[in-house]
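Presented below is the structure to which this report refers.
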Amino acid sequence: MSESEPTPTPEAPKTPAKPAAGAKPAVAPKPPKPSERPKPPKHSAKPKPKPKPPVPFKPAATPAAATPTEMPPPLPPKRSSEEIRRDIEGQRIELGQSVDVLRDKVTELTDWRGQIRKHRRELVTGAAIAGFVIGGALALRRRR
Numbered sequence: 460m461s462e463s464e465p466t467p468t469p470e471a472p473k474t475p476a477k478p479a480a481g482a483k484p485a486v487a488p489k490p491p492k493p494s495e496r497p498k499p500p501k502h503s504a505k506p507k508p509k510p511k512p513p514v515p516f517k518p519a520a521t522p523a524a525a526t527p528t529e530m531p532p533p534l535p536p537k538r539s540s541e542e543i544r545r546d547i548e549g550q551r552i553e554l555g556q557s558v559d560v561l562r563d564k565v566t567e568l569t570d571w572r573g574q575i576r577k578h579r580r581e582l583v584t585g586a587a588i589a590g591f592v593i594g595g596a597l598a599l600r601r602r603r
């Protein structure tokens, strides 16, 4: 035999093997008791709903006088380029001032020492109430 030829394999028997004399026939295993059965997962996977078919695109109706290839005439500029530049510069200055105000406000609100100084009375009241509640709960536990 050459290396390219497959080697013959023994064929599997076509008839089932008979049990030996005195051997008990194979019995199907008993199903597990309800307490031994594995529990199904609580959140079973639900099949995903089929996606809706896409809505076909309908272009908006155009007036009879205008065709899609015609462009309307350009509008005359309402402001000069110098006016637009002044507006942009004014908005840039205003934006810078707004950022500075916002930065100051964030710094003030995140300053925890300043918040304690500002709300000292509320803080002391809350601490006293929490102390009474915790102390009362501990006293009730000791009674039991």
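Everything in the sequence shown is counted per the working numbering, starting at 460 for the first residue and increasing by one.
All C-beta atoms in this analysis are idealised placements derived from N, C-alpha and C, irrespective of residue type, glycine included.
Below 8 Å on the Cβ atoms is my guess for residue i versus residue j; work out the distance and round it to an integer in Å.
| i | j | result |
| --- | --- | --- |
| L568 | I575 | About 13 Å; that fails the 8 Å criterion. |
Just verifying my parser: in three-state terms, what is the DSSP assignment at residue i?
| i | result |
| --- | --- |
| M460 | Note that M460 scores 49 on pLDDT, short of 50, meaning its location in the model is unreliable; the coordinates nonetheless yield the value given after this. Reduced to three states, the DSSP call for M460 is coil. |
| T528 | coil |
| L534 | coil |
| S539 | coil |
| K517 | coil |
| R602 | helix |
| D570 | coil |
| K511 | coil |
| Q556 | helix |
Between the Cα of residue i and those of the options, spot the shortest distance and give me the residue it belongs to.
| i | options | result |
| --- | --- | --- |
| R538 | A587, D546 and D570 | D546 |
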